[in-house]
Amino acid sequence: MVDPTIAVIASVVAGIAGGFLSSWMAFNASGEEFNGRKHGNALITGALSGMFLGAAQAAASPNEIPNNQFILSLIGTFFAAAGIDRLRSSGSQMTTPAGLKKLATGDFKGAVKEIQTKATTTGTTTATPAAPVSTTAPPTSNPESTKPS
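The sequence shown begins at 33 in the numbering used here and counts up by one.
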């Protein structure tokens, strides 16, 4: 049986280890120079996810946690922290200006052109796109402003 306080501490360590592994694997795959900030972010993400999962484990079993449940919890925390770090890292790469530009101009235009080409070669008709909608509202009259003061 494991004390809940020990479970939370061990979960934080497992989370840090999972974040470190995720960061190390991404660093090795990228071929970039070492950047301590990126590894620090991974360790912080791992520590926070480990702390959260350890606290959830302690709340679920407030007295003492059985050993087999504790070991499975640590393994899950390790892999969860690695996954959360990958999700955070991929999400931050997608929201960079270059990532947003690629999203806006990348495959979408090619897909539309492919659909239009396929429609013309197969003889099917497609609806023409609607004219662009103006984003400015027409001037409105305010009855309050026409009243004499």
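Beta carbons: idealized from backbone N, C-alpha and C, even for Gly.
Exposure label - residue i; buried when at least 16 CB within 10 Å
| i | result |
| --- | --- |
| I107 | exposed |
| G115 | exposed |
| S122 | exposed |
| D35 | exposed |
| S105 | buried |
| S62 | exposed |
| G68 | exposed |
| G72 | exposed |
| T109 | buried |
| S43 | buried |
| T127 | exposed |
Cβ distance (whole Å) where residue i is taken to contact residue j below 8 Å
| i | j | result |
| --- | --- | --- |
| I103 | G82 | Wrong, their Cβ atoms sit about 15 Å apart, outside the cutoff. |
| G32 | A92 | As shown, the chain starts at 33 and ends at 181. That puts residue 32 outside it, with no answer to give. |
| M33 | N100 | So it is not a contact: roughly 11 Å between Cβ atoms. |
Those residues which DSSP pairs with residue i across a bridge
| i | result |
| --- | --- |
| V34 | I97 |
Proximity test, residue i beta-carbon vs the ligand ADP heavy atom, cut-off 7 Å
| i | result |
| --- | --- |
| S43 | This structure lacks the ligand ADP, and indeed carries no ligand of any kind. |
- prompt: Is it a yes or a no for the segment 83-92 touching the segment 52-69, going by three-plus beta-carbon pairs under 8 Å?
  reply: no
- request: Jot down the residue ranges of each uninterrupted alpha helix (DSSP H) in the segment 55-109, minimum 4 residues, whole runs only, in chain order.
  value: 68-92
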